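K.L.:
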Amino acid sequence: MTSVTAIPLPYYLILSGILFVCGVLGFLIKRNIITIFMSIELMLNGVNLSFVAFAAHWHMLSGQVFVFFVMVVAAAEAAVGLAIIIAVYRTRETLNVDQVNLLKL
Amino acid sequence: MTAITHLPALLAQTLAITPPTGSEYIRILPELVLSFFGIVIMIVDPLLDEDRSHKSLGAIALIGALAALVSTFFMAQDPGNAFWNMVRVEGFSVFFHALVIAISAVVILASYEYMAVQRIRAGEYYGLILFGTVGMCLMSSAVELVLIFIALEISSISTYILAGFRRREAASSESSLKYFLLGSFATAFFLYGVAMIFGATGSTNIDKIASSLASGSVPMLAYVAMGLMFVGLGFKVASAPFHVWTPDVYEGAPAPIVGLMSTGPKAAAFAVLLRVMFEINAPGRFWLLWVSAALSMTIGNLGALVQDNIKRLLAYSSIAHAGYLLVAFTAQPELGTSAAMFYTVSYAAMNVGAFAVVSHFGNVGEKYVTLEDYAGLGKRYPALAAALTFFLISLIGIPITGGFFAKFYVFSAALQSDLVWLTIIGVLNSAIGAYYYLRVIVMMYMREPRADVPCPPVPAATWLAVAVCLIATFYLGVLPGRVLRKATDAGMGMLHISQNTTPGATVASGQ
Amino acid sequence: MTPNLYLWLIPVLPLAGAAINGFFGRSFSKKTISAVALFFPGIAFLYALDIAAMFSSSAAPYFCELAPWIRAGAFHADFAFYLDQLSLVMLLVVTGVGFLIHIYSVGYMADDDGYYRFMSYLNLFMFFMLTLILAKNYLLMFIGWEGVGLASYLLIGFWFIKDSAASAGKKAFIVNRIGDFGFLIALFLLIKHFGTLDFTKLFEQIAAQPVEAAGIGTLTSIGLLLMVGAAGKSAQIPLYVWLPDAMEGPTPVSALIHAATMVTAGVYMVARSHAIFERAPGALTVVAIVGTLTALFAATIGICQTDIKKVLAYSTVSQLGYMFMACGVAAFSAGIFHLMTHAFFKGLLFLAAGSVIHGVGGEQDMRKMGGLRQYMPVTFATMGIATLAIAGIPGLAGFFSKDEILWKAYSSPYGSWIYWLIGVVTAFITSFYMFRLMYMTFAGDYRGATASAAHAHGDRSHGHGHGEPHESPWVMLGPLVVLAILSVFGGWIGVGGRFEHFLAPVFQSAPAADTVGETASSGVEHLLMAVSIVAAGLGWILAWLLYSRLPKLPGVIAEAFGSLYRAVANKYYIDELYAVLFVKPVVDGSSAILWKGVDQGIIDAIVNNAADAARHTSDNLRHMQSGNLRSYAGWVAAGGAVVIAYMIWMGVR
Amino acid sequence: MISALNPYILTLVTFIPLAGGLLLMFFPRRDRDIKVFSLVISLLAFVASLHLPVHLGSDPSLFKFEIDKAWIASPNIHYHMGVDGISVWLIVLTTFLTPLCVLISWTSIHERVKEFFILLLILETALIGVFTALDLFLFYFFWEATLIPMALLIGMYGHGRRVYAAVKFFLYTMVASVFMLAAILWLYAKTGSFDFVVLQNAIRAGSVPGFVAAAQWLFLGFFVAFAVKVPLFPLHTWLPDAHVEAPTAGSVLLAGVLLKMGTYGMLRFDLGLFPDQSRSNAPWIIVLALIGIIYGGLVSLVQPNMKKLIAYSSVSHLGFVVLGIFSFNPAGLDGAVFVMLAHGIATGGLFMLAGLLYERRHTYEISDFGGLATPMPKYAASFLFIVLASVGLPMLNGFIGEFLVLSGAFQARPIYGILAATGVIWSACYLLWMYQRVFFGKVRNDVNSTLPDLNTREKAALWPAAAIALLMGVAPLIWLSSIDPAVQSALQPFAQLAAKVVGQ
Amino acid sequence: MLHLALFAFFGIICVAGAINLLVQRHPINSALSLVVVMASLAAEYLLLGAEFVAAIQVIVYAGAIMVLFIFTIMLLNAGEEERTKGSRVAILLGVPGVVIGAVLVAWVLIHHSNTQSVTIGALLGDPKSIARLLFSDFLLPFEVTSVLILIAIMGAVVLASRPGAVARPQTTPAAAKEENEGPQLVAAGRERR
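Residue numbers (this note's numbering), protein chains in the order written: chain P, 243 to 347; chain G, -3 to 507; chain V, 3 to 655; chain R, 5 to 508; chain W, 606 to 798.
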């Protein structure tokens, strides 16, 4: 059923992979906690894309349903995460992750 | 979850879907009970006078946990799948339900005094424990990766929050942050793995995945997927090299909560790992687990040698124990499963107990958690110190304690699978491990007490918690037979192996 | 057929005495103690006499199986006693002389507050000595053997306040241990090859063995090892060093243990093992050489000693050398004969010396004596007799036995004229230093300090201090007299080889000894006898010249032979040599190399370093926990990468 | 005693002390009652244990008083106990020494008295258990169970560097015994049984899969654990520290019984389960034992500290035991077992005596003493007696064992016997020298001139030991008559081995 | 063709946004670029025919979640992030690891994922069919998410509220150490009522 307007699945997968990797890299190199958190969201988005892509590939809607759950989780995480970040900011007066290293060794 | 009550009718009218039967609700009864009590707590909390609320709330939470424990019994009555094969009730899930719920019950008990001393908001605390337990329970019974993912998130997020509950200490919020960020990071890996397995097999149902992997050649994606899922789960069970978060988080988090998260979510995560590795006969897992086990044992034990903070020390020890547990995963499934399950139980017993004691000694703001503070506790709290000693002995793995049999089963399973070297690494590690547990005992008994360390009286609740753990540890150390039997049956059930053909059985009967 | 003589009673009686005094003596009165201490050995002595009376050579040997002792696998050893002519002689000597010395001690030690201890030790010694003599197997003999060692340890160190005494005791025990080491190995060899230590069984088997040609065979090595043991016990080269030091003990001890009885145990043992030695000529030669050399060597040292007891001690060593010389030429009976006479006159000498020391208030240095004959005539008389005896003046005990030995040394098939020559020279020296002793002690005028400075010496044998030397009480002199009589007539039983024939049944298996004695022309015998008599005479005259006629001369001679003199006076520096060769290296080596070096330096170091290494790795490991979130993420990511890589590899495989 | 309780006597003997200890936990902290009670308990255990040799029966080579009940279904662990002519005496030794320990600790323990005696009694149970267990798991259980109380005794009631000593002791044994655990697990994994007898038969029948390949490692696994306990030469350095720091009672049990666990283990399990490997490994083991004998002697010669000296002497004596065991002949093994007992009594006595001195002067340094024989003659006499027993003077217990071991070793290979026999000289050297420095000469240190002599309690603690030492020397048959058959049967496989060798 | 062009277009925007997120040093910019990423992703979803998902993506993600982020950034008025040398591991170990892993995964995706193509609307994710699925097969997860959200709310409440807000009377003697803090906290507790 491949038509002229078809796009090979791997393209989507690669795209999602790139997003995911960008997220990981962001986690590794960003200093600002909020940005780090955003890069996690980026990773999730990447995953979402591959979910949808696979869904299309298998002709299974469940793949799309997963995306909702992921979003919900992302939302919940966002709420909690930002609350935590606020709490940390209260006690530390900083958002630089390199300075949040009270606990070590 | 309140929606559930009126939902079936609605479904029936709108989209002609046969609603779940009553028995299917029974199969998630513990979860329902827990959520119900959680909600009750949330409702009751504002109504109560803040000064005294923590007692009554704790009572409610405890009742809820016990009720859930009872309900697992009902749940166990009719095994089977529920909610369109989302959850499965079988020996395996029942086993972990009981374990997890019991853990949170004891932790709730142990938190009684802690609440009072640390001046923590009781409502959310207990509520989160109960809701978190829901997540853990679902992790053990879910056979659908998406549900597993959500359950995992529930238990994780609740523990992220609980870790940050000592809000006057910067350490607590920091540990919360670290746990949260790294946790989500790892979860993303897990999720990516799920996506790939979905892509590889077109399903996220454990059974379907298993069957499709079993039929024909395993697609490449599946390997990658397994790898990614292992990263996520390995992080949750704190196995090297994904253990890095453990010491910091444990050090910062409230002691009873450490007791919880070093056992409850861990046990649940191991349950998931068992399903993923064994029920889906995960391809190419052996060396992954082997190396991870060896690394965890070694890093954990070596890292603990020089720790002066008890919580941190126990954190490293928990890494090491995760390693021992993973040894079981390298063994043949039918041997390894039961060994691993038994290990989770006995580890829970001794570790929760240890942390209960630690949380009492810690006192306001957990000021007294270094080895120096433990000097001479044998004189001040003979009984409590003796209890802690017993737990530590169990952690070392000396006979008549659950810890011994746990190690014992794991290693004999490994040996029966001819994993001689891993076993040797393991026993050597347990020998090294003896040293740092011994340091604590030495401190308590062989040093003079420090005058400046206050010793408040031990409240009944703490006693009860410690006693429960003590009895459990001792029972597992003297008569492990029954629990092991249960574990074996459950494991066989999960692996869809019929009883009479298992090597485990021959072992059990001996010659 | 053998009437059951309750042999075991003989050793056990003194043991009872020892036990009673040992446990309760502290609360007893001196009289009671003396009574107990004398009663039991007395009975033993009487019983021994009784046995001797009813002893019939035809019935010998007598056995007495008391009780089983050790049973391990095939190996058995029992409490079994054995009496034949040989052990009878020993029995009489030991009980007799022993009893006399007990009596003597009652007087000599009367004022010592450790009196009960002393007496019970003496009894204990009697017990072990008699066990040694009457044992029916080597193991039981070994009990006695070690036991007498213990007793001598206790008695030498009796005045343990004196460090010298304590050390001397220890030295005696340890040197003996070295000997016992050889003895033990010999026993193991016997067990290994013959499976038993029982004399009768053993010697039956050995009798079957052929005589070993020179060179090391089993029997030879056994013999040599036994000789090591004997050398330790009987103070032969190279293990004699303990005996002179042993003089730190009270004089009766020196008399009983270090002259009359214990030190002769070695000779007895060799004689007892004659069956072995006769089949090991190599061993015999060694015994003879060791004996001869010891005899000469010790005698030379004796010349320059000034301590009266030391002189006697070296004389003892030298006399023991004679006995081994005899054994070495397979003239066992001669050896035993000399053993007996020696017991008489040497015991007497020591007792007399004790009486002298007692008389002059504890002084032992002969240079501080002199002219004592008018103060203590009886002592002088008896000691004189003993001196004549040991010097080998005809008619007295020593003459017969020594002459017998010299003759055998010359005539026996194992013998040689060299032995004889050295023997004679030794005889000359012996008579010289003995008479030197007599002159220095009894002749001339009293040179001692009349004040009671004596007490500084620590010998508490002398309670109330007073200036004048004085004769000892009769309880001490009695034994002297008796022994004097024995020293005179004890030798006559040997005349015409009667003694030898009495012992013949024991040694009959000896191939040649006496038969050769007959064949050799008695002319030669008399000639040699004359020579030795002349030698003795010369010794006497020389002593008379140097120490009575021209007392200045000795100093002059000493000057003349400066270094040699000093060497002799210092016992050839043997003790120092041993200290440098053995003691120091062992102690320092153990301390420096083994303990500090191996134990702490290596083993513990390794252990601790391992621990430190672990701690160090751990310390490095913690730095994985930098506390920085991104590093943790880095670990996770890297780990993840590895996992993925591995999984993909698995996949493509 | 009634032979009716034969099936239960072992359980009784083993657990009487433990029960006592548990009862003690609920005692009020009135020290006197506690002491009296624990004395009574330990005596009770002793009396009960006397039942064993009395009713051991005609053929001590078999396991007697056996009790075999299933304990845990999976793994297949049995509560299997039984004794033969060898272990029975070790049990009696334990129960004999414990009351003495109680007496000796009467006044020397001031604080945490209750805990002390509880630990002591628990330790006794564990020790007895080690000698009664016939189930490898049970054995390992008791084996490990001795660790904690002993370590606590050293660490809580010791002196000076007690913590270091306790930890060292614990870790040494722990590290070594995990190898044994691994070996045990292997055996279990292959046979599905922990039962000593079952395993023995299985191995002799050659029905254990993969045994031949693994046997050497298994042997080593067991051997290392035992060698550390013994302790064999290079592994001995924990002993001096542990002894010096331990409280008197601890040292007594440590030297008296704990070390025997190692040699007993070698005799029962290494020889019992791995005869071939024992044979093939014997040479180097014996070399180590010889080194231990001589080395121990020489090192203790130069120890400035009384307890250290005795500790090293233990290294030397236990070397004799190992030597005897691995010379594989009746004399050797009889001797080995006998030395175990004799050493238990003699060295136990020595430690008691040293402890008494420490109570009076709070030092073990030999140089602090001298001339003690004057102020305390009874003490000196007792000390001398025990020293002589330890030196191996005939008619005392030390001699019999050493003689048998030496002759056994000599039969195995003359050089062994000869080298080992030098130990006889060394023992005389270091002990007598020590004795001289402590007791002889003038009292140099005025403090010593007024030291009290033995009192009645101390006599009650010492003289039984002395009496037994004498009895063992004079009438060793009482012991040998039951040890010998057991040893013979233990040597059965070796006889067959030799026969095989001859056959080929 | 057009299809491919669209894919490429949004894909490039998407990646550009992602990279921009990394390079931007002010959180606000990062946040905005993340919004860009999400929007373009929505477009990709549309290309895949997942229209409902696309809608939700815009509404929930870009709309709700990102607003939350930006709100927080504002609240904490986070400034430029300073380039601190925090972690060698992350740079030396993590980044290379990630790159390697990425390459490997990419290789797998290209070669070993079945390379069949998908077209526009290959699978229509219309609300009805999704709802049917959501309320039948995924009923339980759906309900369970409620618990998740509940937890999130509680967590937010607890963590975001100021520490002193809840005062407990000093229940143990040990607590007496903190007189300085105690009273004022109690006061705070009252005034909160």
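Here a beta-carbon is modelled for each residue, glycine too, at the ideal position from N, C-alpha and C.
Bear in mind the structure is a predicted one, so any value in this text is a computation, not a measurement.
(1) Under 8 Å between the Cβ atoms of ILE95(R) and SER53(R)?
(2) Can you tell which of ILE407(V), ILE487(V), SER357(V) and TYR416(V) has the C-alpha that lies nearest to the C-alpha of LEU398(V)?
(3) For ALA413(R), which residues in the same chain have their Cβ closer than 8 Å to its Cβ, ignoring the five residues on either side in sequence?
(4) Residue range of the beta strand (DSSP E) that GLU67(V) falls in?
(5) Would you grab the beta carbon distance between ALA237(V) and TRP244(V) for me? Rounded to a whole angstrom, and I think it's under 8 Å.
(6) Would you list the one or two residues that DSSP bridges to TYR83(R)?
(7) Going straight from the alpha carbon of MET378(V) to that of LYS164(V), what length do you get?
(8) Would you grab the beta carbon distance between ALA267(V) and SER256(V) for me? Rounded to a whole angstrom, and I think it's under 8 Å.
(9) May I ask you to list the residues that DSSP assigns as paired with TYR434(R)?
(10) For a quick check, are the C-beta atoms of GLY293(V) and GLY251(V) less than 8 Å apart?
(11) Going along the chain, which unbroken runs of the alpha helix (DSSP H) with 4 or more residues stay wholly within the region 473 to 502 of chain V?
(12) Ends of the beta strand (DSSP E) at ILE459(R)?
(13) Between SER292(G) and LEU388(R), what straight-line distance do the alpha-carbon atoms span, to the nearest angstrom?
(14) At 4 residues or longer, and completely inside the region 444 to 488 of chain R: list those alpha helix (DSSP H) runs for me, N to C.
(15) On the CB-based measure, 16 or more other CB atoms within 10 Å of its CB, does HIS93(G) come out buried or exposed?
(16) Which residue's Cα is closest to the Cα of ALA293(R): PRO308(R), LEU305(R), MET270(R) and MET310(R)?
(17) Which residues in chain P sit within 8 Å of LEU709(W), going by Cβ to Cβ distance?
(18) Can you pull the chain P neighbours of SER628(V), defined as C-beta to C-beta under 9 Å?
(19) Please confirm whether THR200(G) has its beta-carbon closer than 8 Å to some beta-carbon of chain V.
(20) Grab me the residues of TRP422(V)'s own chain with a C-beta within less than 6 Å of its C-beta, minus the 5 sequence neighbours each way, in chain order.
(21) Reducing DSSP to helix, strand and coil, say where TYR76(G) ends up.
(22) Considering only the alpha carbon of each residue, which of SER524(V), ALA640(V), ILE35(V) and PHE81(V) lies closest to LEU481(R)?
(23) DSSP on LEU138(R), reduced to helix/strand/coil?
(24) Please name the residue, chosen from GLY641(V), GLY603(V), VAL484(V) and ARG617(V), that lies closest to LEU301(G) on a Cα-to-Cα basis.
(25) Measuring only between beta-carbons, confirm whether LEU267(P) sits less than 8 Å from chain G.
(26) With a threshold of 8 Å between beta-carbons, can TYR433(G) be considered close to chain V, or not?
(27) Inspect the CB distances between the region 313 to 331 of chain V and the region 199 to 218 of chain V and report whether three or more fall short of 8 Å.
(28) What's the C-alpha gap between ASP203(G) and ALA336(G)?
(29) Under the three-state reduction of DSSP, which class applies to ARG568(V): helix, strand or coil?
P.N.:
Per the coordinate set shown:
(1) Taking C-beta atoms as the reference points, ILE95(R) and SER53(R) count as a pair closer than 8 Å.
(2) For the residues ILE407(V), ILE487(V), SER357(V) and TYR416(V), the minimum Cα distance to LEU398(V) belongs to ILE487(V).
(3) Excluding five sequence positions before and after ALA413(R), the CB atoms of its chain that fall closer than 8 Å to its own CB belong to ILE290, LEU327, GLY328, SER331, GLY336, TYR420, GLY421 and ALA424, given in chain order.
(4) Following the DSSP letters along the chain, one finds GLU67(V) inside the beta strand (DSSP E) bounded by residues 64 to 74.
(5) With 8 Å as the limit, ALA237(V) and TRP244(V) qualify as a contact, their Cβ atoms being about 7 Å apart.
(6) DSSP output for TYR83(R) lists LYS73(R) as bridge partner(s).
(7) Here the alpha carbon of MET378(V) sits roughly 29 Å from the alpha carbon of LYS164(V).
(8) With a Cβ gap of about 16 Å, ALA267(V) and SER256(V) do not count as contacting.
(9) Note: TYR434(R) sits in no beta bridge, so no partner.
(10) No, the pair does not count as a contact, with Cβ atoms beyond the cut-off.
(11) Runs of the alpha helix (DSSP H) inside the region 473 to 502 of chain V: 476 to 491.
(12) Checking the sequence shown, residue 459(R) turns out to be Asn, not Ile. Per DSSP, ASN459(R) belongs to no beta strand (DSSP E) and is neither H nor E.
(13) The C-alpha of LEU388(R) is placed about 57 Å away from the C-alpha of SER292(G).
(14) Whole alpha helix (DSSP H) segments, 4+ residues: 450 to 453 and 460 to 478.
(15) Buried, by the Cβ-count rule.
(16) Looking at the Cα atoms, MET270(R) is the closest of the given residues.
(17) Under the 8 Å cutoff, chain P gives no residues; its nearest Cβ is about 11 Å from LEU709(W).
(18) Per Cβ cutoff of 9 Å: ASN343, LYS346 and LEU347.
(19) Taking Cβ atoms only, chain V never reaches closer than 8 Å to THR200(G), which makes this a no.
(20) Result list for TRP422(V): LEU408, ALA411 and TYR412, in chain order.
(21) Looking at the sequence shown, residue 76(G) is not Tyr but Gly. Strand, per DSSP.
(22) Minimum Cα distance to LEU481(R) is reached at PHE81(V).
(23) Coil.
(24) In this structure, ARG617(V) is the residue among GLY641(V), GLY603(V), VAL484(V) and ARG617(V) with its C-alpha nearest to the C-alpha of LEU301(G).
(25) The Cβ of LEU267(P) sits no closer than 8 Å to any Cβ of chain G.
(26) No, TYR433(G) does not count as interfacial toward chain V.
(27) With the cut-off at 8 Å, the region 313 to 331 of chain V and the region 199 to 218 of chain V do not touch.
(28) The alpha-carbon of ASP203(G) is positioned some 21 Å away from that of ALA336(G).
(29) In the three-state reduction of the DSSP assignment, ARG568(V) falls in the helix class, which pools H, G and I.
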